[in-house]
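Numbered according to the working numbering, the sequence shown spans residues 42 to 487.
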Amino acid sequence: MLNTNQSEKEKQNIEYKSVWDEKFLKWICGFANAQGGKIFIGIDNEGNVSGIPNAEKLLEDLPNKVRDILGILVDVNLYETGKGDYIEIVVNSYPYPVNYKGEYHYRSGSTKQEMKGAALDKFLLQKKGKKWDGVPIPNVSVSDLKQESIDFFKKRGIESQRMEEHVLTDSNEHLMENLQLIENGYLKRAAILLFHPNPEKFVSGAYVKIGYFKTDDDLIFQDEVHGNLFEQIRKTTDLLFTKYLKAIISYKGMSRFETFEFAKEALREALFNSLAHKDYSGGVPIQISVYDDKVIFWNEGQLPEDWTIEKLLEKHPSKPYNPDIANAFFRSGYIESWGRGTLKMIKECLDAGLPEPRYDYSMSGFWVEFKKDVYNEEYLKSIGLNDRQVKAVLYVKEHGQISSSEYQKINDVSKATGGRDLSNLVERNILKKEGESIATYYHLNI
């Protein structure tokens with residue numbers, strides 16, 4: 042019998058329909074192309090049995106209708122209750138594409154979408170066991186690739202000990218074969234992106250945009266970085282650390298040192314991961330937004346199926362979105378291992394005494410945000426905090442929180458003075474207040 046508890050109603054692979062409609066064949070198509078699912082006919086949106094008068098006829102007609110129109114088999118079950126009869130249609134996930142009269146539908150979350158254009162191309166490739174970067178491209182030969190980029194790749198691979206020195210004497214054709222970037226005599230898309238002098242001739246949006254923002258809607262200046270992926274790595278890294286980010290200069294004897302306000306290796310890792318995991322079929326460039334206190338990397342990418350941000354941060358590798366590109370990055374020494382980039386970014390930031398990067402994922406893409414450590418004595422004094430407030434913020438940075446009584450104690454001030462100081466810190470968005478009365482604590486607003 043139907044279980045109508047709340048947990049099942051919230052499942053993303055179940056649909057309730059009061060009556061049967063031919064358009065629900067599209068929903069069956071969507072389930073078959075995704076993870077499978079169930080459609081209940083004679084159940085309202087709240088999961089209550091409403092009943093259908095023609096249940097026995099549907100039980101007989103539906104399997105044949107689905108078979109004839111969609112070309113798949115479904116299980117159809119009839120349930121009889123005191124409130125009426127209802128039908129359960131059980132749809133399995135199919136390993137090949139299923140279409141409804143030439144339309145390809147897909148169940149995503151709790152909605153059904155018709156796939157067209159690039160999304161349909163990507164879906165059809167996945168059903169064939171292929172990735173976007175592994176598709177062969179006609180009318181391009183190994184001789185069209187940029188020799189300088191190939192030589193750079195070989196040198197990087199040898200220096201990182203991911204390749205043997207004999208690769209220096211290998212032909213370019215042999216190198217492409219070893220990297221599995223040739224299929225049936227054709228170069229794959231990954232080879233074009235990695236080594237071609239002008240990959241945008243074949244893949245639109247295959248570049249990086251960098252912008253410096255005063256506020257979200259106040260762009261001060263920007264740059265675009267074009268070329269193949271190895272050129273984008275070098276050029277983008279140079280731009281970030283020479284034009285966009287400030288470094289504190291110090292000397293020890295005759296040696297000059299640069300200390301950046303952000304973890305340099307973490308930002309480099311974010312760039313490598315953006316290039317390796319971007320969904321290049323979307324035609325949108327990678328975007329790096331630099332602010333005074335943060336740097337945000339955004340790319341049109343996707344998490345592995347059924348993954349969450351929390352699962353991404355677990356200590357195990359994930360499958361790369363573009364495995365051929367990721368393999369070349371690994372062989373060159375740019376990435377240490379597949380799926381470990383998020384953990385490395387966290388470690389680099391913590392080792393530098395900086396906040397952990399923040400990850401966010403939505404249907405529009407994947408975000409990584411790096412925050413600067415603004416909670417240091419020099420900065421806090423520069424924005425006009427008094428000595429008591431500076432001491433309190435540094436206390437919170439070390440201990441995680443502070444109460445009003447603790448503020449009074451470490452500064453030897455009255456309750457009224459402490460209250461004014463703390464309220465000012467909250468108004469300036471430096472601290473945030475949590476709790477009420479004697480259970481009130483103040484935390485850093487990060």
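C-beta atoms are modelled at their ideal positions from N, C-alpha and C, and glycine is treated no differently.
Consult DSSP for Glu205 and reduce its assignment to one of helix, strand or coil.
-> The residue you call residue 205 lines up with position 164 of the sequence shown. In the structure shown, Glu205 sits in coil (DSSP, three-state: anything other than H, G, I, E or B).
What does a CB cutoff of less than 8 Å around Leu235 pick up in its chain, not counting 5 residues either side in sequence?
-> Against the sequence shown, residue 235 aligns to sequence position 194. So the list reads Ser190, Phe194, Leu222, Asn269, Leu270, Phe271, Ile366 and Ala369, once near-sequence residues are dropped.
Cβ contact (3+ pairs, closer than 8 Å) linking the region 92-107 and the region 61-68 | yes
Mark Ser182 as exposed unless 16 or more other C-beta atoms lie within 10 angstroms of its C-beta, in which case mark it buried.
-> Position 141 of the sequence shown, counting from 1, holds the residue named residue 182. Exposed, because fewer than 16 other Cβ atoms sit within 10 Å of the Cβ of Ser182.
Could you please give the first and the last residue of the uninterrupted beta strand (DSSP E) stretch that includes Ile327?
-> Residue numbering aside, residue 327 sits at position 286 when the sequence shown is read from its first letter. Ile327 to Val331 is the span of the beta strand (DSSP E), which, as asked, contains Ile327.
Do three or more CB pairs link the region 81-100 to the region 53-63 at distances below 8 Å?
-> yes
Buried or exposed: Leu472, going by 16 or more other Cβ atoms within 10 Å of its Cβ?
-> Counted from its first residue, the sequence shown places residue 472 at position 431. Buried: at least 16 other Cβ atoms inside 10 Å.
Residue of Phe298, Pro179, Phe282 and Gln202 minimising C-alpha distance to Phe243 = Locating residue 243 in the sequence shown gives position 202, where the first residue counts as 1. The shortest Cα separation from Phe243 among Phe298, Pro179, Phe282 and Gln202 belongs to Pro179.
Applying the criterion that 16 or more other CB atoms from any shown protein chain within 10 Å of the CB defines a buried residue, is Pro361 buried or exposed?
-> Taking the first residue of the sequence shown as 1, we reach residue 361 at position 320. Its Cβ being crowded by 16 or more others within 10 Å, Pro361 is buried.
Under a three-way DSSP split, which group does Gly150 fall into?
-> Locating residue 150 in the sequence shown gives position 109, counting from the first residue. Looking at Gly150 - three-state DSSP - the assignment turns out to be coil, as it is neither helix nor strand.
Report the residue from Leu166, Gly342, Gly394 and Val331 whose alpha carbon sits nearest the alpha carbon of Ser403.
-> For the purposes of this step, residue 403 is taken as the residue at position 362 of the sequence shown. The shortest C-alpha separation from Ser403 is found at Gly342.
Tell me, please, which residues DSSP counts as bridged to Ser296.
-> Within the sequence shown, the letter at position 255 stands for residue 296. Bridge partners of Ser296: Lys293.
Below 8 Å on the Cβ atoms is my guess for Val501 versus Tyr400; work out the distance and round it to an integer in Å.
-> A query on residue 501 cannot be resolved here, the shown segment of the chain reaching from 42 to 487 and no further.
Over what stretch of residues does the beta strand (DSSP E) that includes Ser403 continue unbroken?
-> As a working note, residue 403 is residue 362 in the sequence shown. Taken as a continuous stretch (DSSP letters only), the beta strand (DSSP E) holding Ser403 covers Arg399 to Ser403.
Cα separation between Ala231 and Ile424?
-> Numbered from its first residue, the sequence shown carries residue 231 at position 190. Numbered from its first residue, the sequence shown carries residue 424 at position 383. Near 48 Å, if we compare the C-alpha coordinates of Ile424 and Ala231.
Looking at C-beta atoms only, is the number of pairs between the region 420-436 and the region 457-467 that lie closer than 8 Å three or more?
-> yes
Can you give the Cα-Cα distance for Gly150 and Ala73, rounded to whole angstroms?
-> Here residue 150 is taken as the residue at index 109 of the sequence shown, counted from 1. Here residue 73 is taken as the residue at index 32 of the sequence shown, counted from 1. Their Cα atoms are separated by approximately 14 Å.
Which two residues bound the contiguous beta strand (DSSP E) that contains Gly459?
-> Mapped onto the sequence shown, residue 459 falls at position 418. No beta strand (DSSP E) contains Gly459, which is instead part of the alpha helix (DSSP H) from Lys456 to Glu468.
Can the beta-carbon of Val249 be found closer than 8 Å to that of Ile329?
-> Locating residue 249 in the sequence shown gives position 208, where the first residue counts as 1. Locating residue 329 in the sequence shown gives position 288, where the first residue counts as 1. Result yes, Cβ atoms of Val249 and Ile329 sit closer than 8 Å.
Kindly give me the distance between the Cβ atoms of Glu477 and His484, rounded to whole angstroms, as I take these residues to be in contact under 8 Å.
-> Within the sequence shown, the letter at position 436 stands for residue 477. Within the sequence shown, the letter at position 443 stands for residue 484. Their Cβ separation, rounded to whole angstroms, is 15 Å, which puts Glu477 and His484 out of contact at 8 Å.
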